[in-house]
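See structure below.
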Amino acid sequence: MPSTTHSRSRLRFLTCGSVDDGKSTLIGRLLHDTGSLTEDQHAQLLRHSAQYGTCGSNPDYALLLDGLIAEREQGITIDVAWRYFSTAERSFIVADTPGHAQYTRNMVTGASHCDLALLLVDASAGLLTQTFRHACLVTLMGIRRCVLVVNKMDRIDFAADRFGEIESQFASFAERVGLREVTAIPVCARDGDNLVAGSVRMPWYAGPSVLGYLHEVTVPDQADRPWRLPISGVCRPDDSFRGYTGRLAAGKLRVGEAVCVLPSGACSTVREICLGDALLEHAEAGQSVLVRLQDEIDIARGDVLAPVGARPDVSDQFEADVIWLDDAPMLAGRPYRLQIGTAQALARLNAPKYRLNVETQEHLAARTLGMNDIGRVTLALDRPIVFAPFEEDPVLGGGILIDPVTHQTVGAVLIRFALRRAANIHWQALDVNRQARAAAKGQRPAVLWFTGLSGAGKSTLANALEQRLHRSGHHTYLLDGDNVRHGLNRDLGFTDVDRVENIRRVAEVAKLMADAGLICLVAFISPFRAERDFARQLLSAGEFVEIHVDVSLQEAERRDPKGLYRKARLGELRNFTGIDSDYEAPLSPELKIDTAQASVETAVEQIHAWLREHGYLEPA
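All residue numbers for the sequence shown refer to our numbering, where the first residue is 1316 and numbers rise by one.
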């Protein structure tokens, strides 16, 4: 049973569970039975019920939530539907989240804003995989209070023993997953049994109705946590005014309070707090405000204001739970863009420490994460960010991963703790730097990155160019794909995950060679733009020269110098680029060489002339 301590605060909750468990119907019926529908909404419900409904002549309350035409036609929830309603005792914001596994990302989005979960189960079907997954997800998202709503009790003739069986099965799972407070309620959402009032058809149940529980349950107050203000922007209309905007994530911020700016560590005092045109003495969690400080401090988007005595930490390496939300699997080593609060950084993910079995909570070995998988992953960022463990601060501890090429959200990140190794590792300044090394060699350091299909002529062209550069006295080194796989990368195969790690290692080696003042030639298929972009970002501006050795797939197959295309077509060679693994051609390479049209000699002269024209063959 929930705490009897009464609260009149606003409650945010979500409905979740498997497909067709009755989530939208439950909310629609709650809105109806609490008198929260306008006359227009009620009339629209009747029209849509006649057109799309599945309840005969009776209203189909699910249609109050399924706002998309596709949702009405398919009878499923796709997007998150947010609804507001209130009673004399309390106000509510409810998120109706989709049950289909394909739309798990939408369910995660809804859960991230809620304090409590209504987890629905079809009494006739019992606990399903998606039931366990959603219970696991709400727990990961920091929700510790859950109502197990055993719906469609009419389908099992309101049998108390079946309800008790489901309640017992879930209680065992809830203990393993860490749900501290679970209340089970038997309902028939379509008819309103045990939603607003008790049910005469289930006299054996003596617990609260769903609404009764929602009236009485207490949730942690954000005002009790130390305040945090992630900076979203700087307002400086003229030289006399500098303000910082953001949404207060927790606590209360007061005028005159001492504040710390992170990650810089600079300190000041709050001069003014503005909400629109009004000046406030204090701001509360959830308010979007403009803050002015007593001192002129360099503050940018992504910085965080915090109390001097309760500072969050700063780090660039983390262990986190990752919920993978993309059709394409997570590729260890590939850089993704991480957004935490208002801060962004490039994050490289290591292979998962484990993948979670959502039903048994077993930790399974895994090299990657697929759609809807949950795993424990180590992240390394390109710069330090302000953070807090997710369970302490969902704003500074929870974020999303974005594919830098497609700009699609591919995962949710819940930071558990920082890896402190980064604090003890520093780049060692050397007396002889890259400029001195390059000047001694009479050249500019550069990485000439040859990319293209197998058989396009990358290695042939790179080898011929290196000979030309060597004859003219330039200092070079050629990294060839086959050669590197004999040593540095001999432990890697040809899966997408291995290809990403292959190129990551080569890019880091090429960076060191550029630092040595060399002209480094890299001849790799390197099929993915993201990894080639990663290599470019490792180097100083102008040092990365992408050379697309272009040839049609048909011409590459015709040449087939190693017989690899033939094997791939016969199914003897899996994950072969161009056949059953994609090649992403460069969009804007510095040079594009068509080896079907140009001889090796002509192509070498073209590249050599370009290097000379752009100053790579002269002292830095």
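By construction, the Cβ of each residue, glycine as well, lies at the ideal position given by its N, Cα and C atoms.
{"Query": "Taking PHE1488 as part of the alpha helix (DSSP H), name the residues at either end of that continuous run.", "Result": "1475-1492"}
{"Query": "Output the distance between the C-alpha atoms of ALA1521 and ARG1505, rounded to the nearest integer angstrom.", "Result": "20 Å"}
{"Query": "May I have a chain-ordered list of the beta strand (DSSP E) segments no shorter than 3 residues that lie completely inside the stretch 1417-1478?", "Result": "1431-1437 and 1460-1466"}
{"Query": "Regarding PHE1633 and the ligand SAH, is the C-beta to nearest heavy atom distance less than 8 Å?", "Result": "Inclusion of the ligand SAH in the displayed structure is not the case, the ligand content being empty and no account of it being possible."}
{"Query": "Are the Cβ atoms of VAL1549 and ARG1616 separated by less than 9 Å?", "Result": "yes"}
{"Query": "Roughly how many angstroms separate the alpha carbons of GLY1656 and ALA1703, rounded to a whole number?", "Result": "11 Å"}
{"Query": "CA-CA distance, LEU1341 and HIS1530?", "Result": "16 Å"}
{"Query": "In three-state terms, what does DSSP make of LEU1784?", "Result": "helix"}
{"Query": "Just the C-alpha distance for ARG1884 and ILE1894, rounded to the nearest angstrom, thanks.", "Result": "7 Å"}
{"Query": "At what residue ranges does the stretch 1506-1581 contain a whole run of the beta strand (DSSP E), taking only runs of 3 or more?", "Result": "1544-1550, 1558-1562, 1567-1569 and 1573-1577"}
{"Query": "Quick check on PHE1839: buried or exposed, where buried means 16 or more other Cβ atoms within 10 Å of its Cβ?", "Result": "buried"}
{"Query": "Can you tell me which residues form a DSSP beta bridge with LEU1694?", "Result": "PHE1633 and LEU1664"}
{"Query": "Label VAL1919 either buried or exposed according to how many other C-beta atoms from any shown protein chain fall within 10 Å of its C-beta, with 16 as the threshold for buried.", "Result": "buried"}
{"Query": "To test your reading of the DSSP string, which unbroken alpha helix (DSSP H) runs of 4 or more residues are found completely within the stretch 1817-1891?", "Result": "1844-1853, 1868-1874 and 1879-1884"}
{"Query": "Nearest CA to the CA of VAL1861: which residue from ARG1749, ARG1495, TRP1764 and VAL1465?", "Result": "Per the sequence shown, residue 1861 should be read as Glu rather than Val. Nearest option by C-alpha distance: TRP1764."}
{"Query": "Using the DSSP secondary-structure output, state which residues sit across from ILE1612 in a beta bridge.", "Result": "ILE1612 is not bridged to any residue."}
{"Query": "Give every residue of the same chain whose Cβ lies closer than 7 Å to the Cβ of THR1295, excluding the five residues on either side of it in the sequence, and list them in chain order.", "Result": "Coverage of the chain is limited to positions 1316 through 1935, which leaves residue 1295 absent and any answer about it impossible."}
{"Query": "Starting from the C-beta of GLY1796, find all residues in its chain whose C-beta is less than 7 Å away, skip the five residues before and the five after it, and write them out in chain order.", "Result": "ALA1838, PHE1839 and ILE1840"}
{"Query": "What is the DSSP secondary structure of GLN1356, counted as helix, strand or coil?", "Result": "helix"}
{"Query": "Which two residues bound the contiguous beta strand (DSSP E) that contains GLY1808?", "Result": "Taken as a continuous stretch (DSSP letters only), GLY1808 belongs to no beta strand (DSSP E), as it is neither H nor E."}
{"Query": "Quick one: measure Cβ to Cβ for GLY1425 and LEU1329, integer angstroms, because I've assumed they're closer than 8 Å.", "Result": "5 Å"}
{"Query": "Look at the alpha carbon of SER1583 and the alpha carbon of ASP1613, and state the distance between them as a whole number of angstroms.", "Result": "12 Å"}
{"Query": "Classify GLU1781 as buried or exposed, calling it buried when 16 or more other Cβ atoms lie within 10 Å of its own Cβ.", "Result": "buried"}
{"Query": "Which residues in the same chain as ARG1459 place their Cβ atom closer than 7 Å to its Cβ, once the five residues preceding and following it in sequence are excluded?", "Result": "LEU1494, ARG1495 and GLU1496"}
{"Query": "Take LEU1568 and list the residues in its own chain whose beta-carbon comes closer than 6 Å to its own, dropping the five residues that flank it on each side.", "Result": "TRP1542 and ALA1598"}
{"Query": "Taking the alpha carbon of GLY1685 as the point to measure from, which residue in VAL1747, LEU1640, GLY1802 and SER1401 has its own alpha carbon closest?", "Result": "LEU1640"}
{"Query": "In the DSSP assignment, what residue or residues form a beta bridge with PHE1400?", "Result": "PHE1407"}
{"Query": "Distance, Cα to Cα, THR1320 vs TYR1528?", "Result": "Per-residue confidence for THR1320 stands at a pLDDT of 38, beneath the threshold of 50, marking its modelled position as unreliable; no derived number is given."}
{"Query": "Please state whether DSSP places GLY1648 in a helix, a strand or coil.", "Result": "coil"}
{"Query": "Return helix, strand or coil for ASP1708, following the three-state DSSP convention.", "Result": "coil"}
{"Query": "Spatial neighbours of ASN1273 within its chain, please: CB distance less than 8 Å, with the 5 preceding and 5 following residues excluded, ordered by chain position.", "Result": "Since the first and last residues shown for the chain are 1316 and 1935, residue 1273 lies out of range."}
{"Query": "Taking the C-alpha atoms as reference points, what is the distance between SER1339 and ASP1437?", "Result": "13 Å"}
{"Query": "Could you check how far apart the C-beta atoms of TYR1931 and PRO1842 are, in whole angstroms? I think they sit under 8 Å.", "Result": "Not a contact, Cβ separation roughly 26 Å."}
{"Query": "For ILE1342, report the span of its beta strand (DSSP E) as first-last.", "Result": "First-last for ILE1342: 1338-1348, but that is the alpha helix (DSSP H), not the beta strand (DSSP E)."}
{"Query": "With TRP1519 and ALA1475 assumed to form a contact (beta carbons below 8 Å), what rounded beta-carbon distance in angstroms separates them?", "Result": "5 Å"}
{"Query": "Given that a residue counts as buried once 16 or more other Cβ atoms are within 10 Å of its Cβ, and exposed if not, what is PRO1552?", "Result": "exposed"}
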